[in-house]
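Each remark here refers to the structure printed beneath this line.
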Amino acid sequence: MRAANKGVNWIWSHIARLCPMISAMFPAESSNPLTDLAWLVEAGADEAMLDEPVNRFVQRAAPAAGATAPGKPAATKSIPVASPPHAGERRAFPHENKAAPAGAYTDQIGAALDIAAKCNTLDELRAALEAFDGGVLKKNATHTVFADGNAQARIMLIGEAPGRDEDRAGLPFVGRAGKLLDKMVAPIGLNRAENFYITNVLPWQPPGNRDFGLEEAAMCLPFLRRHIELKAPDMLVLLGRIAVKNVLGKTEGIMSLRGKWFEYFVNGRMVPALYMLHPAYLLRRPVDKKLAWRDMQSLEAKARELNILT
Ligand code: URA
Numbered sequence: 325m326r327a328a329n330k331g332v333n334w335i336w337s338h339i340a341r342l343c344p345m346i347s348a349m350f351p352a353e354s355s356n357p358l359t360d361l362a363w364l365v366e367a368g369a370d371e372a373m374l375d376e377p378v379n380r381f382v383q384r385a386a387p388a389a390g391a392t393a394p395g396k397p398a399a400t401k402s403i404p405v406a407s408p409p410h411a412g413e414r415r416a417f418p419h420e421n422k423a424a425p426a427g428a429y430t431d432q433i434g435a436a437l438d439i440a441a442k443c444n445t446l447d448e449l450r451a452a453l454e455a456f457d458g459g460v461l462k463k464n465a466t467h468t469v470f471a472d473g474n475a476q477a478r479i480m481l482i483g484e485a486p487g488r489d490e491d492r493a494g495l496p497f498v499g500r501a502g503k504l505l506d507k508m509v510a511p512i513g514l515n516r517a518e519n520f521y522i523t524n525v526l527p528w529q530p531p532g533n534r535d536f537g538l539e540e541a542a543m544c545l546p547f548l549r550r551h552i553e554l555k556a557p558d559m560l561v562l563l564g565r566i567a568v569k570n571v572l573g574k575t576e577g578i579m580s581l582r583g584k585w586f587e588y589f590v591n592g593r594m595v596p597a598l599y600m601l602h603p604a605y606l607l608r609r610p611v612d613k614k615l616a617w618r619d620m621q622s623l624e625a626k627a628r629e630l631n632i633l634t
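Here this note's numbering is used: the first residue of the sequence shown is 325, the next is one more, and so on.
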């Protein structure tokens, strides 16, 4: 293991010496410059476009202390991301893969609507979800996975449901897919500590990581819709087919939807919503990282146009 690390460092030191443009993009603190570089190359960003190197992995200047977006309250603490015990992408374990019986959630759907509507802050919503009787779905989960990132961020990402790592850590997107996601958004200046907030359609890992059913989604959606209202983002990013289906009701093929912007109304205000390929899908089909990179560029352009990123 140590020999392998030595090898990587040796290769990296030669790349750094031979190609200052590449080395400038990956500062010494980058955990593994070669995997960072691999992401950009797989995404098709393999050509120098400018005369001077642009280090997209160095965090953009943090806003001055106390500075906030117009009309937004001052930033509060971000929730730290716990390291998962092991990283694994979302996959089903057939022996545990039992769908809930039809009608198992009938009572809970009405209750969810009622309870979510009464929550007036994100903290109240989190507490309500933690106290909620979510039937088999919740009983099988270790944690209620509410959200991660900066609660004051103007960009809100929505994924599908927690996987094993997220269920253990109690935080969304901390497994392999989450790590890829962080790597994908870093070059356009996004990170959880500062400028994005992330949650899932479902706050509980379905038993055996199976796909969840219509009733389970119907029980969780009142909480998600209230979550979006209380968070009141200026931009939504829907990660994967399940998110776009449940939030916007879109069921077309992922390739015809990806990269498109939709409109979602939050408290009477139009919020642009981008549909992107899910990072777990990209782990299975790395060849499509090129498409994801284009979507990242579209996200960056829109965020700059709306002064969300400066
Ligand atoms: N996939 C998701 O959609 N959400 C997570 O939190 C983790 C993996």
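From the three backbone atoms N, C-alpha and C, an ideal C-beta is built for every residue, glycine too. Bear in mind the structure is a predicted one, so any value in this text is a computation, not a measurement.
- In this structure, DSSP gives N464 a helical state, which the three-state scheme calls helix.
- Not one heavy atom of the ligand URA sits closer than 7 Å to the Cβ of P557.
- Between the alpha carbons of G513 and L633 lies a gap of roughly 8 Å.
- Relative to the ligand URA, the beta carbon of P530 is positioned no closer than 7 Å to any heavy atom.
- In the DSSP secondary-structure assignment, N524 is bridged to G483.
- Not a single heavy atom of the ligand URA lies less than 7 Å from the C-beta of F586.
- Counting only residues of its own chain and dropping the five nearest sequence neighbours on each side, G537 has a CB closer than 8 Å to the CB of A423, A424.
- Linking V525 to A567 through their CA atoms gives a straight-line distance of about 6 Å.
- G577 sits exposed, since fewer than 16 C-beta atoms from the chains shown fall within 10 Å of its C-beta.
- Rounded to whole angstroms, the gap between the alpha carbons of F497 and P603 is 10 Å.
- Boundaries of the alpha helix (DSSP H) harbouring L504: 500-509, taken from the DSSP string.
- With respect to the 8 Å criterion, R478 and M559 are classified as neighbours on the basis of their beta carbons.
- When the beta-carbon positions are compared, V469 and P530 stay at least 8 Å from each other.
- When secondary structure is reduced to three states using DSSP, V590 falls in the strand class.
- Look at N515: its beta carbon is at least 7 Å from all of the heavy atoms in the ligand URA.
- The closest heavy atom of the ligand URA lies 7 Å or more from the beta carbon of F547.
- In this structure, the straight-line span from the alpha carbon of L545 to that of R609 is close to 29 Å.
- P596 sits in a strand when the DSSP states are folded into three classes.
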